[in-house]
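Asker: By our numbering, the letter at position 240 of the sequence shown is numbered 1088, and the numbering carries on one by one without gaps.
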Amino acid sequence: MTSPARTTPATAPRLVVVGAGITGLTAAFEWHRAHPDGEVVVLEAGGRIGGKLDRVDLAGRWYDTGPEAVLARVPEAVELIEQLGLADQLVSARTTQAAIVLPEGRFPLPAGTLQGVPTTADGLDGVLTPAGVARLRAEAELPPLQLDGDVSVGGLLRERLGDEVVDRLVEPLLGGVYAGRPDDLSLAATMPALAAELPAATSLLGAAVAARDAGARSRGDVDGPVFVTVREGVGSLPAALVHASGADVRLHTRVAALRRTAGGFELDVDGGGTLTADAVVLATPAGPTARLLADVAPDAVEPLAGIPYASMAVVAMAFPDQPVAAGSGLLVPPVTGRLVKGVTVSSSKWPHLSGPEGAPVLRVRSSVGRFGDDAALQWDDAELTAAVVADVAELLDLGRPEPVQTELVRWVDGLPQYLVGHPQRVAAIRSAVDAVPGLAVAGAAYGGVGVPACIRDARRAVRALA
């Protein structure tokens, strides 16, 4: 005898999520966990799920062209992967030892830095010139720190530690994470641990030491991998989230307007039609979010307009198998005059991308594009790919420089820029949105651009709806 089909009660709450990136899909998953009899509809203007999480078939293996790893020392991403039943897919990095390419040569990334900010001048010979090392040592002789509000990373570090620390150490690391420039980026938003120690510190180096030690204490100095990935690609998570949440995902569905009603919300979609919702999560970039909030939470519009975006491109390459001496990859700051800003040697970094299955190849990826510097992104696909391949082949000193496969993925307006004053903008946005019951915003525009930060923000949004 078969059981009757379960019907959703008429009072079951409906959540509508706008945006099918990792944030929006995590919000759908968390809502389903909290409301198993409820309904989740995800509206996506584009033609695919995942947002910046994407993967391609590169020489017979799934290969990420968006985020290719997640931090293992913060819980959100690994926890979600385990909740999705993918714990057996987790892979630890075989090596995380990267090198910095500088005009004088190639140097291992110094240990003990805090997002590139040194905690000591020791061990920086070569990475910095003798004058740069001397400038760093002289920081103890400067007047005590006096800060008034948020400042730019580059502005403070240049004043206290000298230009070389910014241009050779901090810029390639922040450029890789944010596709931004240290002289534009907010210290409080991009280096919160350092910013938190500055008020009680007399020197910036002292604050960096305190922030490093505080991080070690909070982790309990736990041994284990810093980064992990998923064997089938981080880009496999969106489909797993859709399956686990049971969400009704509607692609090519752009929301034209959002209205508050007595019973919740109405969303108009392009092409006609209106959708009702008990609760709404906007997991969209700042621009579309501002447009949808114009009538519902107008005080959020101006601060959202203060969050610009950088465009970038990623080129995935498979070369004939050959040895390379670059560890997990190379950081390439603008002082080199190179086109690319970094190279990840995936075949060295991840064991599952260098195994015996399939034809042996060397898999690498490289990125191009910084905020305010996107001239190369105007080139056509063939021209940009060829230029990146040439740069990478030279940087890795490849004896067989002709790739067997390349894949170019463009991320137009892909990374939000946390400019000076970003925390204040985010606080204003959240205040305006939180004043509207049943409404939440979440995503990379607010509290972090990494996958764990987006997951954390999605969870915060769903909790706020309760």
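Cβ atoms here follow ideal geometry from the backbone N, Cα and C, with glycine treated the same way.
When the Cα of VAL1117 is compared with those of GLY1111, LEU1106 and ARG1307, which residue comes out closest?
Answerer: Selected option, being the one with the closest Cα: LEU1106.
Asker: Look at the alpha carbon of THR1161 and the alpha carbon of ASP1147, and state the distance between them as a whole number of angstroms.
Answerer: The question names Thr, but residue 1161 in the sequence shown is Ala. Cα to Cα, the separation comes out at about 34 Å.
Asker: Is DSSP giving ALA1313 helix, strand or coil here?
Answerer: Note on residue identity: the sequence assigns Leu, not Ala, to residue 1313. Correct three-state label for LEU1313: helix.
Asker: Bridge partners for THR1254 per DSSP, in chain order?
Answerer: Paired residue(s): MET1165.
Asker: My output table needs one value for VAL864: the three-state DSSP class, helix, strand or coil.
Answerer: In this structure, VAL864 counts as strand in the three-state DSSP scheme.
Asker: If contacts are defined as beta-carbon pairs under 8 Å, then LEU901 and PRO915 qualify, I think. What distance do you get, rounded to the angstrom?
Answerer: Sure, about 6 Å apart at Cβ, within 8 Å.
Asker: Could you compute how far the alpha carbon of LEU1042 sits from the alpha carbon of ARG1016?
Answerer: Taking the straight line from one Cα to the other gives about 19 Å.
Asker: Can you give me the Cβ contacts of ASP1126 inside the same chain, cut-off strictly under 6 Å, excluding the 5 residues immediately before and after it?
Answerer: Excluding positions up to five away in sequence, the list reads PRO861, ARG862 and GLY1112.
Asker: Using only the alpha-carbon positions, how far apart do THR871 and GLY1291 sit?
Answerer: Taking the straight line joining both Cα atoms gives about 6 Å.
Asker: How about ALA1095 and VAL888: do their beta carbons lie closer than 8 Å?
Answerer: Their beta carbons are under 8 Å apart, which means ALA1095 touches VAL888 by this criterion.
Asker: Kindly confirm or deny that the region 991-1003 and the region 1253-1272 touch, where touching means at least three C-beta pairs closer than 8 Å.
Answerer: Yes: the two stretches touch, three or more of their Cβ pairs being nearer than 8 Å.
Asker: State the Cα-Cα distance for the pair VAL865 and VAL949, rounded to the nearest angstrom.
Answerer: C-alpha separation (whole angstroms): 43 Å.
Asker: Within the continuous alpha helix (DSSP H) that includes PRO1040, where are the two ends?
Answerer: Unbroken alpha helix (DSSP H) run through PRO1040: 1040-1045.
Asker: My understanding is that ALA946 touches TRP1198, with C-beta atoms under 8 Å, so please give their C-beta distance in whole angstroms.
Answerer: With 8 Å as the limit, ALA946 and TRP1198 do not qualify as a contact, their Cβ atoms being about 14 Å apart.
Asker: From the DSSP output, in three-state form, read off GLU927 for me.
Answerer: Reduced to three states, the DSSP call for GLU927 is helix.
Asker: Who are ILE948's beta bridge partners in DSSP?
Answerer: The partner list for ILE948 (beta bridge, DSSP) reads PHE955 and LEU1179.
Asker: Compare the beta carbon distance of ALA1309 and ALA868 with 8 Å and say whether it is the shorter of the two.
Answerer: Result no, Cβ atoms of ALA1309 and ALA868 do not sit closer than 8 Å.
Asker: State the beta-bridge partners of TYR1157 as determined by DSSP.
Answerer: Its beta-bridge partners are PRO1264.
Asker: LEU976 to GLY933, Cα distance in whole Å?
Answerer: So the two alpha carbons sit approximately 46 Å from each other.
Asker: Taking Cβ to Cβ, would you say LEU1244 is nearer than 8 Å to VAL1289?
Answerer: No, the pair does not count as a contact, with Cβ atoms beyond the cut-off.
Asker: Among residues of its own chain, excluding the 5 on either side of GLY1154, which ones have a beta-carbon nearer than 6 Å to its beta-carbon?
Answerer: Result list for GLY1154: ARG1273, in chain order.
Asker: Quick check on DSSP: helix, strand or coil for GLY964?
Answerer: Coil at GLY964, not helix or strand.
Asker: Pull the bridge partners of ARG903 from the DSSP assignment, please.
Answerer: Note: ARG903 sits in a beta bridge opposite ASP912.
Asker: So for ALA1104, helix, strand or coil by DSSP?
Answerer: The answer is strand: DSSP assigns ALA1104 an E or B state.
Asker: With burial defined as no fewer than 16 other Cβ atoms inside 10 Å of the residue's Cβ, what is the status of THR1109: buried or exposed?
Answerer: Exposed.
Asker: In this structure, how does DSSP classify TRP879 when only helix, strand and coil are distinguished?
Answerer: TRP879: helix per DSSP, three-state reduction.
Asker: Determine the direct distance from the alpha carbon of GLY1190 to that of GLY1262, and round the result to whole angstroms.
Answerer: GLY1262 and GLY1190: Cα-Cα distance of roughly 17 Å.
Asker: For ALA917, which residues from the same chain have a beta carbon less than 6 Å from its beta carbon, with the 5 sequence-adjacent residues on both sides left out?
Answerer: Excluding sequence neighbours, ALA917 sits near PHE1075 and THR1077.
Asker: DSSP three-state call for VAL1014: helix, strand or coil?
Answerer: Of the three classes helix, strand and coil, the one that applies to VAL1014 here is helix, per DSSP.
Asker: State buried or exposed for GLY895, treating a residue as buried only when at least 16 other CB atoms are found within 10 Å of its CB.
Answerer: So GLY895 ends up on the exposed side.
Asker: Assuming contact is defined by CB atoms lying nearer than 8 Å, are GLU1045 and ALA1058 in contact in what I supplied?
Answerer: Yes, these two residues count as a Cβ contact at 8 Å.
Asker: For LEU1140, collect the residues of the same chain with a Cβ closer than 8 Å to its Cβ; drop the 5 residues on either side in sequence, then sort them by chain order.
Answerer: Result list for LEU1140: VAL866, VAL1103, ALA1105, LEU1106, LEU1130 and THR1132, in chain order.
Asker: Any idea if ASP1143 is buried or exposed, counting beta-carbon neighbours within 10 angstroms, 16 or more meaning buried?
Answerer: By the 10 Å Cβ count, ASP1143 comes out exposed.
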